[in-house]
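Visitor: Those protein sequences? They're chains G and E, same order as listed. Count the first sequence with the numbering used here and you get residues 2 to 228, in order. Count the second sequence with the numbering used here and you get residues 852 to 1179, in order. For glycine and all other residues, C-beta sits at the position ideal for the given N, C-alpha and C.
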Amino acid sequence: MFSDLFYQLLEENMFLTAAWETIYLTVISTVISYGFGVPLGLILCVTDRDGIYPIPWLNKILSVLVNIFRSIPFIILMVAMFPVARLVVGTSVGNKALIFSLVVGAAPYVARMVESSIKEVDRGIIEASQAMGTSNMGIILKVLIPEAKPSLIVGAVISTVTILSYTAMAGTVGAGGLGRIAIAYGHQRFSPDITWVCMILTVIIVQVIQELGMFIAHKTDKRIRNK
Amino acid sequence: MIELKNLGKTFHTKEQEIVALRNIDLTINDGEIFGIIGLSGAGKSTLVRCINLLEKPTSGDVLIDGQSLTQMPRRELLKTRRNIGMIFQGFNLLEQRSVLKNVCYPLEIAKVPKAQAEARARELLQVVGLADRESAYPAQLSGGQKQRVAIARALATNPKYLLCDEATSALDPNTTRSILELLREINRTMGVTIVVITHEMKVIDTICDRVAIIDHSQIAEVGRVSDVFSSPGSDIAKELIMPMAASAPGVSGDRIRIVFDGTSSKKPLIANMIMTCQVAVNILFADLKDVNGACYGHMIIQLPEDERAEQKVLSWLSANGLKYTKEA
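(1) G/Thr135 CB to nearest chain E CB: under 8 Å?
(2) For the ligand NAD, I want to know if E/Pro1155 counts as a neighbour, meaning its beta carbon is within less than 7 Å of at least one of the ligand's heavy atoms.
(3) Between G/Val198, G/Thr135, G/Gly214, which has its C-alpha nearest G/Leu10's C-alpha?
(4) Report all residues from its chain with a CB closer than 8 Å to the CB of E/Val1047; omit the five preceding and five following residues, and keep chain order.
(5) Looking at E/Leu1135 and E/Ile1121, is the spacing between their C-beta atoms short of 8 Å?
(6) Who pairs with E/Ser919 in a beta bridge, going by DSSP?
(7) Note down, in chain order, each residue of its chain lying with its Cβ closer than 8 Å to the Cβ of E/Leu920, except the 5 sequence neighbours on either side.
(8) Once the 5 residues before and after G/Tyr110 are set aside, which same chain residues still bring their CB inside 7 Å of it?
(9) Using a Cβ-Cβ cut-off of less than 8 Å, give me the residues of the segment 119 to 149 of chain G that come near chain E, in sequence order.
(10) Since E/Pro957 meets chain G, which of its residues come closer than 7 Å, beta carbon to beta carbon?
(11) Can you give me, in chain order, the residues of the segment 983 to 996 of chain E that have a beta carbon less than 9 Å from any beta carbon in chain A?
(12) So, does the CB of E/Asn903 fall closer than 8 Å to a CB anywhere in chain G?
(13) Tell me, please, whether the CB atom of E/Leu945 is closer than 8 Å to any CB atom in chain G?
(14) Using a C-beta cutoff of 8 Å, does G/Ile225 count as contacting chain E?
(15) Is the Cβ-Cβ distance between E/Lys860 and E/Thr897 less than 8 Å?
(16) Under the three-state reduction of DSSP, which class applies to E/Thr1176: helix, strand or coil?
(17) As a quick exercise: from G/Phe7, G/Tyr25, G/Ile154, pick the residue whose alpha carbon is nearest that of G/Ile206.
(18) Please state whether DSSP places E/Ala1145 in a helix, a strand or coil.
(19) Count the other CB atoms within 10 Å of the CB of G/Lys220; is the residue buried (16 or more) or exposed (fewer)?
(20) Spell out whether any CB of chain G is found under 8 Å from the CB atom of E/Gly941.
(21) Unbroken beta strand (DSSP E) runs of length 3 or more, entirely within the segment 982 to 1058 of chain E: which are they?
(22) Quick one: what's got a C-beta closer than 8 Å to G/Arg224's C-beta in the same chain, skipping five residues either side?
(23) Taking E/Ile1065 as the reference, give the member of E/Ala1007, E/Phe862, E/Ala871 with the closest Cα.
(24) So, for E/Ser1081: in the same chain, excluding its five sequence neighbours on each side, which residues have a beta-carbon less than 8 Å away from its beta-carbon?
(25) Would DSSP call E/Asn1123 helix, strand or coil?
(26) In chain G, which residues lie with their C-beta within 8 Å of the C-beta of E/Lys860?
(27) Check whether the segment 951 to 959 of chain E and the segment 972 to 986 of chain E are in contact - that is, three or more C-beta pairs closer than 8 Å.
(28) Among G/Ser102, G/Leu179, G/Ile140, G/Ile77, which residue has its Cα nearest to the Cα of G/Cys46?
(29) For G/Thr1, which residues in the same chain have their Cβ closer than 6 Å to its Cβ, ignoring the five residues on either side in sequence?
(30) Is G/Val155 near G/Ile126, with beta carbons less than 8 Å apart?
(31) Our contact map puts E/Asp881 next to E/Met852 with C-beta atoms below 8 Å; I'd like the distance itself, whole angstroms only.
(32) Express the C-alpha separation of G/Val105 and G/Ser260 in angstroms, rounding to a whole number.
(33) Could you check whether the Cβ of E/Met802 sits closer than 8 Å to any Cβ belonging to chain G?
(34) Is the Cβ-Cβ distance between G/Arg190 and G/Leu6 less than 8 Å?
(35) Using beta carbons (cut-off 8 Å, strictly below), is E/Leu975 in contact with chain G?
Next up, the structure:
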């Protein structure tokens, strides 16, 4: 039923190693992307015309930048980022360079996710906290982020799944993980069964992230009456 | 004391300028419940937001206890705001915080130690009658309960002033009454000066000492509630106090408005009039209330078409010291 190559990979424990590598790349890239994306998303929100500290020109510049990065197909952006990666992280090959490219591609996406979650916070709540003498920093830390928390978690789930698909694509240009196995063995050595196994493993990983994330989001949301 | 000095607010949009407030001069004394009433779009919400500078006035000044808010550095302004509580039509509770944590919020901002803040919050929840719901979340509360939490939260920092922006407009009549009673109690027992913004005359009538009527961005009338109620000077006051002056369909004859200004005794005046004059009148509208044992309000009656009968009624009214005006 399966090809010899499949059994060979199975014997060498390649699938699990690759799955682990995919998870590892995804988690690291997501965390770093959030490191940049959250502040960026907050700045986009706060400096908006209707934000708590409007700076229209800064908002415009950041917004255009985010849009530019978001409009480049990821596979192209990644290849274009290799020379930049060499400047920033010292190498243009391997996982380090790929994480850099992934972050460049994902951080603007995360910023938009964060921005839209934060914008869901009711204006009235912000106004009430202003009326109680809260500083802008206080509003960000005590109102915007806590009130948007369930939505931020849902956004993080969606972002993680997107970044997971990016890491699979990165497999075509040298990253490790399930994407690489699918391309290098499944596609280039004509073993569609290997591709299928990679796909199924990816689906399983996505399902786990999705279910777990939604469970946490639901658990933390105090707006839900009956649990 | 809250003083608004020649306050103005203009909103600039791309196409036009919208004047929301024009030449507002108001003084709100310590300890009173001051009402601001107006129709939708009259500018009352903008006005109340100017008091704590949530909206920055484009001209004029706001003085709180003699200190100008517009001149204040931001840090000072934030501190002053802790002395001015505010509640809203939409309650605006933090949805992800429990009732207790909501009431603690302004204390957190004021850097009050946690244990002390929680003790104070519990004390206030007792005052608003929600001591048993401290671990509930806003989504689990009714509208009236949410507003009670909002009141407790607004009072947490022990403010001297409390601004209420249409605080009862989203509530049913019974809940409205209980919230208004709570506000009055807070005014009496804690000495908090309350500013009430509303479009309902009933709210003004129930708790306010003085009232300002705002119309087309300007103050149309200010005075004691009983005075404004019994003899409204401006057209807008008449419209708000006496919303219905139309005649019943298919009836003719002159209509007059009788004003009860608290001076008439508790005699059954209209019944006496009908019996003495031997004429049948049609009561088209009446809105009378008992304020400290005196009768205030308005009544519109329709007189018989017969001119002699009409004269009889009018002279009887004058003889009994009742003021009346002919309705158009």
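Guide: Quick look at the numbers:
(1) At a cut-off of 8 Å between C-beta atoms, G/Thr135 counts as an interface residue with respect to chain E.
(2) Because no ligand of any kind appears in the structure shown, any question about the ligand NAD cannot be addressed here.
(3) It is G/Val198.
(4) Within its own chain, the residues whose Cβ lies closer than 8 Å to the Cβ of E/Val1047, once the five positions on either side in sequence are excluded, are Ile884, Phe885, Gly886, Ile887, Cys1015, Ala1018, Leu1034, Val1054, Ile1055, Ile1058, Cys1059, listed in chain order.
(5) No; because the gap between Cβ atoms is not below 8 Å, this pair is not in contact.
(6) E/Ser919 is bridged by DSSP to E/Leu914.
(7) Asn903, Leu904, Asp912, Val913, Leu914, Leu928, Thr931, listed in sequence order.
(8) Arg71, Ser160, Thr163.
(9) Hits within the stretch, in order: Asp123, Gly125, Ile126, Glu128, Ala129, Ser130, Gln131, Ala132, Met133, Gly134, Thr135, Ser136, Gly139, Lys143, Val144, Pro147, Glu148.
(10) Neighbours of E/Pro957 in chain G, taken as residues whose beta carbon is under 7 Å from its own, are Met133 in chain order.
(11) Looking for chain A here will not work: the only protein chains present are G and E.
(12) Yes, because at least one Cβ of chain G sits closer than 8 Å to the Cβ of E/Asn903.
(13) So yes, E/Leu945 belongs to the interface.
(14) It does: the Cβ of G/Ile225 has a partner Cβ on chain E nearer than 8 Å.
(15) Contact flag set, yes.
(16) In the structure shown, E/Thr1176 sits in a strand (DSSP, three-state: E or B).
(17) Ranking the options by Cα distance to G/Ile206, first place goes to G/Tyr25.
(18) Under the three-state reduction of DSSP, E/Ala1145 is assigned to strand.
(19) Result: exposed.
(20) Judged by the 8 Å Cβ criterion, E/Gly941 is in contact with chain G.
(21) If only complete runs of 3 or more residues are kept, the segment 982 to 1058 of chain E shows the beta strand (DSSP E) at 1012 to 1016, 1044 to 1049, in order along the chain.
(22) Excluding residues within five positions, the ones whose Cβ falls inside 8 Å are Pro151.
(23) Sorting E/Ala1007, E/Phe862, E/Ala871 by C-alpha distance to the C-alpha of E/Ile1065 places E/Ala871 at the top.
(24) The residues are Val1110, Phe1111, Asp1112, Gly1113, Tyr1147, Gly1148.
(25) Assignment of E/Asn1123 by DSSP, reduced to helix, strand and coil, places it in the helix class.
(26) Here the premise fails: no neighbours, minimum Cβ distance about 16 Å.
(27) When Cβ pairs closer than 8 Å are counted between the two stretches, the segment 951 to 959 of chain E is seen to touch the segment 972 to 986 of chain E, the count reaching three or more.
(28) Ranking G/Ser102, G/Leu179, G/Ile140, G/Ile77 by Cα distance to G/Cys46 puts G/Ile140 first.
(29) This structure gives no information on residue 1 of chain G, because the portion of chain G shown stretches from 2 to 228.
(30) Not closer than 8 Å, so no.
(31) Confirmed, Cβ separation roughly 6 Å.
(32) Within the shown structure, residues of chain G are numbered from 2 to 228, placing residue 260 of chain G beyond reach of any answer.
(33) The shown model of chain E, from 852 to 1179, leaves out residue 802 of chain E, and the question about it has no answer.
(34) G/Arg190 is a Cβ neighbour of G/Leu6, given a cutoff of 8 Å.
(35) Not closer than 8 Å to any Cβ of chain G, the Cβ of E/Leu975 fails to qualify, so no.
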